[in-house]
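Student: Pasting a structure here, questions to come.
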């Protein structure tokens, strides 16, 4: 793993360590960190929905494997949507904010442009969860 990849994964581990994994223990094919990392990177690169996130991962799988585990390859777009949709939004937002703060500090306080978007089909009407909004830096 190169230095930038190591720092990226370490930063995500620190910032997202307290985000609860909503999945049943023992029935997960992909690590939560891998799902979060691919989602963040894909959205930063312009992904607008879960198929875009999956496509991003599949087309960059060799690169992603240099700093992510990916023991079972890239998750499907359904897995991305299901896991990210089930995650506690407040925990995720707090972790994402903390991560963007570490980016700000790592750049020596230089300005980081922030953009936001709503991910289609990320809501869960039955459980009362609103659409997932991602902020990109």
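Residue numbers (this note's numbering): -9 to 127.
From the three backbone atoms N, C-alpha and C, an ideal C-beta is built for every residue, glycine too.
Please read all numbers here as calculations on a predicted model, not as lab measurements.
1) Taking the continuous alpha helix (DSSP H) assigned at residue 77, which residues delimit it?
2) Where does residue 61 land, buried or exposed, given buried means 16+ other C-beta within 10 angstroms?
3) With C-beta atoms as the reference, is residue 67 less than 9 Å away from residue 38?
4) Using DSSP with H/G/I as helix, E/B as strand and the rest coil, what is residue 37?
5) What is the DSSP secondary structure of residue -1, counted as helix, strand or coil?
6) Please work out which residues of its chain come closer than 7 Å, Cβ to Cβ, to residue 20, disregarding the five sequence neighbours upstream and downstream, and give them in chain order.
7) Reducing DSSP to helix, strand and coil, say where residue 92 ends up.
8) Assuming the contact rule is C-beta atoms closer than 8 Å, residue 9 and residue 85 should be a hit. Round their C-beta distance to whole Å, please.
9) Kindly list the residues whose CB is nearer than 8 Å to the CB of residue 78, restricted to its own chain and excluding five residues on each side of it in sequence; keep chain order.
10) Cβ of residue 57 within 9 Å of Cβ of residue -2?
11) Given a threshold of 16 other Cβ atoms within 10 Å of its Cβ, counted over all protein chains shown, does residue 71 qualify as buried or as exposed?
Tutor: So, to answer that:
1) Where residue 77 is concerned, there is no enclosing alpha helix (DSSP H), because DSSP gives it neither an H nor an E.
2) Exposed is the label assigned to residue 61, since fewer than 16 other Cβ atoms lie within 10 Å of its Cβ.
3) No, the pair does not count as a contact, with Cβ atoms beyond the cut-off.
4) In this structure, residue 37 counts as coil in the three-state DSSP scheme.
5) Three-state result, residue -1: helix.
6) Within the same chain, 62, 65, 69 come within 7 Å of residue 20 by CB-CB distance, once the 5 residues on both sides are set aside.
7) In the structure shown, residue 92 sits in a helix (DSSP, three-state: H, G or I).
8) Taking C-beta atoms under 8 Å as the contact rule, residue 9 and residue 85 qualify, at a distance of about 5 Å.
9) Cβ within range, chain order: 9, 10, 12.
10) In this structure, residue -2 lies closer than 9 Å to residue 57 by Cβ.
11) Per the 10 Å Cβ criterion, buried.
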